[in-house]
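>
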Amino acid sequence: MTPIVAVFYKEKDYEAVEYIVRRSVLHILIISIPVSILFAVYPELFTYIFTLDDPAEAEIICTALRITSLGLAARCLSLLLSSYTQAIEENRLASLMNISEEFIVAFGGAIVLTSIYGAIGIWYALVLADIVPIIIYAIASLIFQIRNEERIRAILLLQDTNTVTWTYERGIDEVDHYLHGEKKRFILKIEAMLNEKSPVALQSIDRLHENVMKDED
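In this text, residue positions in the sequence shown follow the numbering used here: the first is 1370, and each later residue adds one.
1) Report the three-state DSSP secondary structure of GLU1387 (helix, strand or coil).
2) Just mark PHE1476 as buried or exposed, buried being the case when its beta carbon has 16 or more other beta carbons within 10 Å.
3) Measuring only the C-alpha atoms, how far is ASN1460 from TYR1453?
4) Taking the alpha-carbon of LEU1434 as reference, which of LEU1448, THR1416, ALA1443 has the nearest alpha-carbon?
5) Determine the extent of the alpha helix (DSSP H) in which THR1432 is found, giving its start and end residues.
6) Give the DSSP-derived three-state secondary structure of TYR1411 in the structure shown.
7) How is PHE1472 classed by DSSP in three states: helix, strand or coil?
8) Is LEU1495 helix, strand or coil when you go by DSSP?
9) Between the C-alpha atoms of TRP1535 and ILE1485, what's the straight-line distance to the nearest angstrom?
10) Between ILE1521 and ILE1480, what straight-line distance do the alpha-carbon atoms span, to the nearest angstrom?
11) Mapping DSSP to helix, strand and coil, what is LEU1421?
12) For SER1603, which option in SER1451, LEU1525, ALA1385 has the closest C-alpha, if you only look at C-alpha atoms?
13) Would you kindly report the start and end of the unbroken alpha helix (DSSP H) that includes ILE1373?
14) Leaving out five residues before and five after VAL1374 in sequence, what residues of the same chain have Cβ atoms less than 6 Å from its Cβ?
15) Which word fits VAL1468, buried or exposed, when buried means at least 16 other C-beta atoms lie within 10 angstroms of its C-beta?
16) Can you have a look at LYS1379 and say buried or exposed, based on whether 16 or more other CB atoms are within 10 angstroms of its CB?
17) Look at the alpha carbon of PHE1472 and the alpha carbon of LEU1495, and state the distance between them as a whole number of angstroms.
18) Between ALA1427, ILE1430, ALA1507, which has its C-alpha nearest MET1466's C-alpha?
19) For LEU1525 and ALA1427, what's the separation of their Cα atoms in angstroms?
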């Protein structure tokens, strides 16, 4: 998912990004939730696969599977959100999610929960480590929306705009925050050269495209 989302995000095709992410989340939930329910209800299936003969070991594994299966969907979703934040270049948020999951919550939670619940606390810590990154992403998304209420679209941190609107309706003297240095000077120079002639240029390009399509037919 990450390479495709990164390409569409660079092209500012936010509708395509939103579609891909929503479909990915849907597929994750469709697959992970039934598997979670299966191992929560019938963890013995795992012991049958690996032919565990020791009843004590089988009991420990069944208990661990019941607990960790509760966080399977969260685990998959947190991995997807981590990849997504990297694809849209929110690297600090992605790093915070990864560090909190792999180190802070996993180790810290294991130390605290094992002192309360014993050895089984490790499995509770793993479930907690899967859930916390999702909470971090949700809080960060809410903060971004509050700070950029006119530009950020919903929970996916996308600008509430599209390529066509930016290309043809932007004022010539506006300063775009995503253009810097040489790129900005180049775009403004082209706009200054075209100015009022830009509709004529666009019509010419459109006619050229029509002629090419006719020739191919």
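Glycine included, every Cβ here is placed at the ideal spot set by N, Cα and C.
Looking at the atomic coordinates:
1) Note: GLU1387 maps to helix in three-state DSSP.
2) Flag for PHE1476 reads exposed.
3) 10 Å
4) THR1416
5) 1424-1438
6) coil
7) helix
8) In the three-state reduction of the DSSP assignment, LEU1495 falls in the helix class, which pools H, G and I.
9) Because the pLDDT at TRP1535 is just 38, under 50, the model does not fix this residue reliably, and the point stays unresolved.
10) 39 Å
11) coil
12) With the chain covering 1370 to 1586 only, the question about residue 1603 has no answer from this structure.
13) That run of the alpha helix (DSSP H) goes 1371-1379.
14) VAL1386, ILE1389, ALA1456.
15) In the sequence as presented, Val is not what sits at residue 1468; that position holds Ile. Residue burial is scored here from C-beta neighbours: ILE1468 has fewer than 16 other C-beta atoms within 10 angstroms and is therefore classed as exposed.
16) exposed
17) 11 Å
18) ALA1507
19) 42 Å
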